[in-house]
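Residue numbers (this note's numbering), protein chains in the order written: chain V, 1 to 286; chain R, 287 to 572.
2 protein chains.
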Amino acid sequence: MVIVESINNMKNEMKTCKEKGLSIGLVPTMGCLHAGHMSLIKKAREENDIVVVSIFVNPTQFGPNEDFDRYPRTREKDLEVCRANNCDFVFLPQSDEMYPEDFLTFVEVEDLGKVLCGISRPTHFRGVTTILTKLFNITKANRAYFGQKDAQQLIIVKKMVEDLNMDIEIIGCPTVREDDGLALSSRNTYLNDEERKDGLLLYKSLTLAKDLILNGEKDAGVIKKEIENTINSGKNTSIDYIEIVNNKTLKPVLKVEDNILIALAVNVGNTRLIDNIFIDLGEEAI
Amino acid sequence: MVIVESINNMKNEMKTCKEKGLSIGLVPTMGCLHAGHMSLIKKAREENDIVVVSIFVNPTQFGPNEDFDRYPRTREKDLEVCRANNCDFVFLPQSDEMYPEDFLTFVEVEDLGKVLCGISRPTHFRGVTTILTKLFNITKANRAYFGQKDAQQLIIVKKMVEDLNMDIEIIGCPTVREDDGLALSSRNTYLNDEERKDGLLLYKSLTLAKDLILNGEKDAGVIKKEIENTINSGKNTSIDYIEIVNNKTLKPVLKVEDNILIALAVNVGNTRLIDNIFIDLGEEAI
Numbered sequence: 001m002v003i004v005e006s007i008n009n010m011k012n013e014m015k016t017c018k019e020k021g022l023s024i025g026l027v028p029t030m031g032c033l034h035a036g037h038m039s040l041i042k043k044a045r046e047e048n049d050i051v052v053v054s055i056f057v058n059p060t061q062f063g064p065n066e067d068f069d070r071y072p073r074t075r076e077k078d079l080e081v082c083r084a085n086n087c088d089f090v091f092l093p094q095s096d097e098m099y100p101e102d103f104l105t106f107v108e109v110e111d112l113g114k115v116l117c118g119i120s121r122p123t124h125f126r127g128v129t130t131i132l133t134k135l136f137n138i139t140k141a142n143r144a145y146f147g148q149k150d151a152q153q154l155i156i157v158k159k160m161v162e163d164l165n166m167d168i169e170i171i172g173c174p175t176v177r178e179d180d181g182l183a184l185s186s187r188n189t190y191l192n193d194e195e196r197k198d199g200l201l202l203y204k205s206l207t208l209a210k211d212l213i214l215n216g217e218k219d220a221g222v223i224k225k226e227i228e229n230t231i232n233s234g235k236n237t238s239i240d241y242i243e244i245v246n247n248k249t250l251k252p253v254l255k256v257e258d259n260i261l262i263a264l265a266v267n268v269g270n271t272r273l274i275d276n277i278f279i280d281l282g283e284e285a286i
Numbered sequence: 287m288v289i290v291e292s293i294n295n296m297k298n299e300m301k302t303c304k305e306k307g308l309s310i311g312l313v314p315t316m317g318c319l320h321a322g323h324m325s326l327i328k329k330a331r332e333e334n335d336i337v338v339v340s341i342f343v344n345p346t347q348f349g350p351n352e353d354f355d356r357y358p359r360t361r362e363k364d365l366e367v368c369r370a371n372n373c374d375f376v377f378l379p380q381s382d383e384m385y386p387e388d389f390l391t392f393v394e395v396e397d398l399g400k401v402l403c404g405i406s407r408p409t410h411f412r413g414v415t416t417i418l419t420k421l422f423n424i425t426k427a428n429r430a431y432f433g434q435k436d437a438q439q440l441i442i443v444k445k446m447v448e449d450l451n452m453d454i455e456i457i458g459c460p461t462v463r464e465d466d467g468l469a470l471s472s473r474n475t476y477l478n479d480e481e482r483k484d485g486l487l488l489y490k491s492l493t494l495a496k497d498l499i500l501n502g503e504k505d506a507g508v509i510k511k512e513i514e515n516t517i518n519s520g521k522n523t524s525i526d527y528i529e530i531v532n533n534k535t536l537k538p539v540l541k542v543e544d545n546i547l548i549a550l551a552v553n554v555g556n557t558r559l560i561d562n563i564f565i566d567l568g569e570e571a572i
């Protein structure tokens, strides 16, 4: 496994791979790797000749009052995970090379980045699409892998790739959960025992919503109210948003008829957790 | 010469070229090709195995009250020019394929796009950088060629490529002028005889400014005043801006000491003309 820290070295390594006709799969991460990341690496390993994991806590996707400084950084452990999962390259760029002082250029997907998480994190997705454009250009990856846990991110990145005619395939992979349902997240490390228990209410409320829909409930307002009640039964929970939206446009639906995304963000103590489910009302529509 | 109208066909043609190890030079244009474009094609021809000219009147770089509708479209003549200049591919994309109805993604170089022409054309450079990102991704060009006549555009595109780690070399080529000094532009076709005469005042004022500087004048205010007087001697001229700026940051200078760009935009009748000169006060600094 090759560890690369400079942009030029990474470009050269990738150029050599491309010249040999090898396909490249990229797993972009902010480190603190968990089983969710591992599922992405595994998928990339199956589908590509070369697997690259990038580890970079990207400052432009954090707001001024967010957790950039305390975000967990576990370099040596992460490298161990990459090694154990047969990665070929780990790209660990330096912040001052990725964003020199005179950096000025941003990539933004309008509208989609202003709803759901974009309301409380107005510059977040612009930071995500900008760093991903850079990583895609540096690695020349054929495919990039993202977890469905960050559903809005996945939808926005797909839209960016389509709109800007980028030559890369975006692959979404199922959310990986603990046995009790908690979606894996690097931010789970912030939770104390009591908060972790409240964190379970996110997935519990989503499965409840799914059951309601499968039993014929179509009124988005009713479903959201049920989710709200479940979340509010926790001692440390404070709802940021609960939304039922079209799974492409992210526009709210009043009636659950098409394929939808139910997404929510909840502050549990000082930790902001997100979770979601996609519900496909295609063939087996009620 | 191959004429390609669909994005996918263009991607496939370029992929084949790349697989053969051929280098690709792109000359992005809005058509109505003149000797300025030909100089870019010639340079691209010298430096690359494959020369691609794109012709696309890009709607996103025109403001709501600008000349998008009346911008000259001379497809057959343009194809003749490309053929005569040994181009390999002409890419003529359709507007509704480049910008489908649900298009949402933009690339923006902040600050640099808000000064000079960006003041009267606030969304212009965002449109330019967005369409160029698309064209760079579609053509996978190794090099792209731009005229120094659009100096701000050239500086902004170079910055975008650097910031987003795009794998393409941006090459600026000298402004091509008529014998009497008028910078070639597709918009010159709008000028009547009297306006064309006034158009000469742009370059006249710039050469005057250069003479002043070479004779020791360092006060940017004094130099701008001289340019202003020259432009205002025309009957149909109305100044949009006259600026003396650092040639990288585009920040105004008070004293002419570094390498600078003198740039101006003047409305001549209903036609907006721009011109500029770079002045290099390096070795032979006064």
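For glycine and all other residues, C-beta sits at the position ideal for the given N, C-alpha and C. The structure presented is a predicted model; accordingly, all values stated were derived computationally and were not measured.
{"Check": "Distance CB(residue 31(V))-CB(residue 55(V)) smaller than 8 Å", "Outcome": "yes"}
{"Check": "Cβ-Cβ distance between residue 230(R) and residue 331(R) below 8 Å", "Outcome": "Outside the shown range of chain R (287 to 572) lies residue 230(R), about which nothing can therefore be said."}
{"Check": "Buried versus exposed, by CB contacts within 10 Å (16 or more), residue 493(R)", "Outcome": "exposed"}
{"Check": "Residue 22(V) in three-state terms, based on DSSP", "Outcome": "coil"}
{"Check": "Segments of 4+ residues assigned as alpha helix (DSSP H) that fall wholly inside the segment 90-135 of chain V", "Outcome": "95-98 and 117-120"}
{"Check": "Minimum Cβ-Cβ distance from residue 125(V) to chain R less than 8 Å", "Outcome": "no"}
{"Check": "Proximal residues of chain V, C-beta to C-beta of residue 354(R) below 9 Å", "Outcome": "By Cβ distance, chain V contributes nothing, its closest Cβ being about 20 Å from residue 354(R), past 9 Å."}
{"Check": "Chain V contact residues for residue 445(R), given Cβ-Cβ distances below 8 Å", "Outcome": "104 and 105"}
{"Check": "Coil, strand or helix - residue 450(R) by DSSP", "Outcome": "coil"}
{"Check": "Among 262(V), 180(V) and 35(V), nearest to residue 218(V) - alpha-carbon criterion", "Outcome": "262(V)"}
{"Check": "Residues in the segment 399-427 of chain R having any Cβ partner in chain V nearer than 7 Å", "Outcome": "419, 420, 423 and 424"}
{"Check": "Stretch pair the segment 468-484 of chain R + the segment 109-126 of chain V: three plus CB contacts closer than 8 Å", "Outcome": "no"}
{"Check": "Neighbouring residues, chain R, relative to residue 90(V) (Cβ below 9 Å)", "Outcome": "Chain R residues near residue 90(V): none, gap ~18 Å exceeds 9 Å."}
{"Check": "Near-chain R residues of the segment 156-182 of chain V - C-beta to any C-beta below 7 Å", "Outcome": "159, 160, 163, 164, 165, 166 and 167"}
{"Check": "Integer-rounded CB distance, given that residue 423(R) should sit under 8 Å from residue 288(V)", "Outcome": "In the structure as shown, chain V starts at 1 and stops at 286, and residue 288(V) therefore has no counterpart that could be examined."}
{"Check": "C-alpha gap between residue 559(R) and residue 390(R), whole angstroms", "Outcome": "31 Å"}
{"Check": "Cβ of residue 287(V) within 8 Å of any chain R Cβ", "Outcome": "Past the boundaries of the shown model lies residue 287(V); chain V is included only from 1 to 286, so the question cannot be answered."}
{"Check": "Reference residue 323(R), options 432(R), 346(R) and 366(R), closest by Cα", "Outcome": "432(R)"}
{"Check": "For residue 361(R), three-class secondary structure by DSSP", "Outcome": "helix"}
{"Check": "Cutoff 8 Å: residue 268(V) Cβ touching any chain R Cβ", "Outcome": "no"}
{"Check": "Meets three-Cβ-pair contact criterion under 8 Å: the segment 213-231 of chain V and the segment 304-319 of chain R", "Outcome": "no"}
{"Check": "Beta-carbon neighbours of residue 293(R), restricted to chain V and to distances below 8 Å", "Outcome": "165"}
{"Check": "Chain V contacts from the segment 328-349 of chain R (Cβ-Cβ distance under 9 Å)", "Outcome": "none"}
{"Check": "Boundaries (first-last residue) of the alpha helix (DSSP H) holding residue 481(R)", "Outcome": "479-500"}
{"Check": "In DSSP terms, what residue 278(V) is bridged to", "Outcome": "261(V)"}
{"Check": "DSSP state of residue 432(R) mapped onto helix, strand, coil", "Outcome": "strand"}
{"Check": "CB contact below 8 Å: residue 512(R) versus chain V", "Outcome": "no"}
{"Check": "Assigned exposure category for residue 69(V) - 16 Cβ within 10 Å defines buried", "Outcome": "exposed"}
{"Check": "Reduced DSSP secondary structure (H/G/I, E/B, other) of residue 507(R)", "Outcome": "helix"}
{"Check": "Contact set between residue 395(R) and chain V, taken where Cβ atoms lie within less than 9 Å", "Outcome": "104, 105 and 106"}
{"Check": "Simplified DSSP assignment, three categories, for residue 8(V)", "Outcome": "helix"}
{"Check": "Per DSSP, cross-strand counterpart(s) of residue 250(V)", "Outcome": "Paired residue(s): none; residue 250(V) is not in a bridge."}
{"Check": "Per DSSP, the bridge partner or partners of residue 559(R)", "Outcome": "552(R)"}
{"Check": "Top-ranked residue by Cα proximity to residue 244(V), from 174(V), 134(V), 43(V) and 115(V)", "Outcome": "115(V)"}
{"Check": "Coil, strand or helix - residue 541(R) by DSSP", "Outcome": "strand"}
{"Check": "Alpha-carbon spacing of residue 172(V) relative to residue 288(R), whole angstroms", "Outcome": "37 Å"}
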